[in-house]
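Asks: Input: one structure, supplied below.
Residue numbers (the numbering used here), protein chains in the order written: chain B, 1 to 122; chain V, 123 to 229.
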């Protein structure tokens, strides 16, 4: 069974940093692009960042570019999102999502994790 | 960035009804359009990809159409489990964007 499990969320102060992890299993992680998508409380979905299967290409939404960094470890089958200079508006549930192809973007996100909540507050 | 606009933002329907949700892109995206269903407290679920291709395991009462800038999601014979929020998504651009969502409620 294909599974994605996010971790690393919690409470952080404005201006602080946090790293999210997405541990995967049940598929060949090396062969698929991956993305992070977030959802603020009561709001819609916002794509945050995506990375190709090799890690050679990465892309960011304007709202996080320069503050967030996506990375992956294909030996550990894990995707990461390093977040710096966090703002109140970054408060959201962060989902990792598996793409259907090896490049970004592929066709669609066919598997999602359960999400991890990031709260930015003093 | 490519803007995705869904309509309506919400709608009410009854069991057995047919409903249509539309999604418009701010520029042509060919058929790089996907539809997701999300229930409260749950992750989104892929329903339709490539504008009209049904994801494995999704009931055939769900259907998608369109190309270019205008797309539709149609649900025939609404079932209780279909009441949820639906999002369109474009993957034409490296900067992926979603529509704002359509909440489907029971009348």
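Backbone N, C-alpha and C define an ideal beta-carbon position, used for all residues, glycine too.
Give me the subset of the segment 30–54 of chain B whose CB atoms are less than 9 Å from a CB atom of chain V, sorted by chain position.
Replies: Answer set for the segment 30–54 of chain B: 35, 37, 39, 43, 44, 45, 46, 47 and 50.
Asks: Hey, residue 177(V) and residue 166(V): beta-carbon distance below 8 Å or not?
Replies: Cβ atoms of residue 177(V) and residue 166(V): not closer than 8 Å.
Asks: Taking all protein chains shown into account, do 16 or more other C-beta atoms lie within 10 angstroms of the C-beta of residue 201(V), making it buried, or fewer, making it exposed?
Replies: Exposed, by the Cβ-count rule.
Asks: Per DSSP, residue 151(V) forms a beta bridge with which residues?
Replies: Note: residue 151(V) sits in no beta bridge, so no partner.
Asks: Regarding residue 111(B) and the ligand NAD, is the C-beta to nearest heavy atom distance less than 7 Å?
Replies: Of the ligands one can find in the structure shown there are none, so the ligand NAD has no counterpart to examine.
Asks: Hey, is the segment 41–51 of chain B in contact with the segment 21–31 of chain B, meaning 3+ C-beta pairs nearer than 8 Å?
Replies: With a cut-off of 8 Å, the segment 21–31 of chain B and the segment 41–51 of chain B do not count as touching, because too few Cβ pairs lie within range.
Asks: Report all residues from its chain with a CB closer than 7 Å to the CB of residue 102(B); omit the five preceding and five following residues, and keep chain order.
Replies: Counting only Cβ-Cβ distances below 7 Å, and skipping sequence neighbours, we find 31, 32, 33, 52 and 53.
Asks: Going by other Cβ atoms of all chains shown within 10 Å of its Cβ, with 16 needed for buried, is residue 14(B) buried or exposed?
Replies: Under this definition residue 14(B) is an exposed residue.
Asks: Which residues of chain B have a Cβ atom closer than 9 Å to the Cβ of residue 166(V), listed in chain order?
Replies: By Cβ distance, chain B contributes 37, 39, 45, 95, 97, 109 and 112.
Asks: Going by CA-CA distance only, name the one from 190(V), 208(V) and 149(V) that's closest to residue 124(V).
Replies: Comparing Cα positions, the closest option is 149(V).
Asks: Using the three-state DSSP reduction, which class does residue 28(B) fall into: helix, strand or coil?
Replies: If DSSP states are grouped into helix, strand and coil, residue 28(B) belongs with coil.
Asks: Listing by chain order, which chain V residues have their CB less than 7 Å from the CB of residue 59(B)?
Replies: Ordered by position in chain V, the residues that pass the 7 Å Cβ test against residue 59(B) are 216 and 217.
Asks: Under 8 Å, Cβ to Cβ, is there at least one residue of chain V near residue 26(B)?
Replies: For residue 26(B), the answer is no, since every Cβ of chain V falls outside 8 Å of its Cβ.
Asks: To which residues does DSSP link residue 6(B) through a beta bridge?
Replies: DSSP output for residue 6(B) lists 22(B) as bridge partner(s).
Asks: Are the segment 124–144 of chain V and the segment 186–204 of chain V in contact at 8 Å, needing three or more beta carbon pairs?
Replies: Yes, the segment 124–144 of chain V is in contact with the segment 186–204 of chain V.
Asks: Nearest to residue 16(B) by CA position, among 115(B), 96(B) and 87(B), is which residue?
Replies: The candidate whose alpha carbon is nearest that of residue 16(B) is 87(B).
Asks: Leaving out five residues before and five after residue 110(B) in sequence, what residues of the same chain have Cβ atoms less than 7 Å from its Cβ?
Replies: Hits under 7 Å: 98 and 100.
Asks: Can you name the residues of chain B whose CB is closer than 8 Å to the CB of residue 213(V)?
Replies: 105, 106, 107 and 108, listed in chain order.
Asks: Strictly below 7 Å CB to CB, what residues from chain V border residue 115(B)?
Replies: Those within 7 Å of residue 115(B) in chain V are 165.
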